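For the sequence shown, the positions run 1 to 103 when full-length UniProt numbering is used.
Where a beta carbon is used, it is the ideal one built from N, C-alpha and C, also for glycine.
A quick note: this is a predicted structure, and the numbers were derived from the prediction, not measured.
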Amino acid sequence: MQTLQGHDNAAIATSFHPDGDLIASAGADGIVNIWRLDGTLLQKIPAHEHIIYSVSFNGAGNLLATTSEDRTIKLWQGKNLALLKTIKIDQSPVYCIRFRGDR
Numbered sequence: 001m002q003t004l005q006g007h008d009n010a011a012i013a014t015s016f017h018p019d020g021d022l023i024a025s026a027g028a029d030g031i032v033n034i035w036r037l038d039g040t041l042l043q044k045i046p047a048h049e050h051i052i053y054s055v056s057f058n059g060a061g062n063l064l065a066t067t068s069e070d071r072t073i074k075l076w077q078g079k080n081l082a083l084l085k086t087i088k089i090d091q092s093p094v095y096c097i098r099f100r101g102d103r
């Protein structure tokens with residue numbers, strides 16, 4: 001069992017990479033952290049301006065999605081977390097996101 005400490009505030013959401021070797025954590029600090037299962041912090045990405053509500057790898061592991069209080073959905077490239085797209089939501093934040101299937 002590991003305790004992962006890397007957010008300035010609460011960790012709100014986690015997602016396992018489908019390969020089973022990485023965990024993404026997202027928090028109230030707007031940061032996405034990528035961890036190895038042994039607890040090593042690999043990346044710390046300032047992903048959003050506000051609290052992140054949801055984080056999810058797709059089934060192939062080549063995409064990561066995040067949602068936030070800042071009313072955006074962001075799509076990131078798999079393990080290296082290069083930002084691919086930001087989708088602005090006009091009405092209210094999206095609280096949960098998940099990919100369907102294995103793609």
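Q. Between the C-alpha atoms of Thr66 and His17, what's the straight-line distance to the nearest angstrom?
A. Counting from 1 along the sequence shown, the entry for residue 66 is found at position 66. Counting from 1 along the sequence shown, the entry for residue 17 is found at position 17. Going by the C-alpha atoms only, they are around 14 Å apart.
Q. Helix, strand or coil: which one does DSSP assign to Gly27?
A. Position 27 of the sequence shown, counting from 1, holds the residue named residue 27. Collapsing the DSSP output to three states places Gly27 in a strand.
Q: Mind checking which residues open and close the beta strand (DSSP E) that includes Pro46?
A: Start at 1 with the first residue of the sequence shown, and residue 46 comes out as number 46. Leu41 to Pro46 is the extent of the beta strand (DSSP E) around Pro46.
Q | Identity of the residues DSSP links to Ala11 by a beta bridge | A | Position 11 of the sequence shown, counted from the first residue, corresponds to residue 11. According to DSSP, which records beta bridges pairwise, Ala11 is partnered with Gly27.
Q.
Rounded to the nearest angstrom, what separates Asp21 and Arg36 at their Cα positions?
A. Your numbering for residue 21 matches position 21 in the sequence shown. Your numbering for residue 36 matches position 36 in the sequence shown. One C-alpha to the other measures close to 6 Å.
Q. Short check: CB of Gly42 to CB of Ile31, under 7 Å?
A. As a position in the sequence shown, residue 42 is number 42, starting the count at 1. As a position in the sequence shown, residue 31 is number 31, starting the count at 1. The displayed chain sequence assigns Leu, not Gly, to residue 42. In this structure, Ile31 does not lie closer than 7 Å to Leu42 by Cβ.
Q: Can you tell me the Cβ-Cβ gap for Ala10 and Ala28, rounded? I've got them flagged as a contact below 8 Å.
A: Position 10 of the sequence shown, counting from 1, holds the residue named residue 10. Position 28 of the sequence shown, counting from 1, holds the residue named residue 28. That pair is a contact at about 5 Å.
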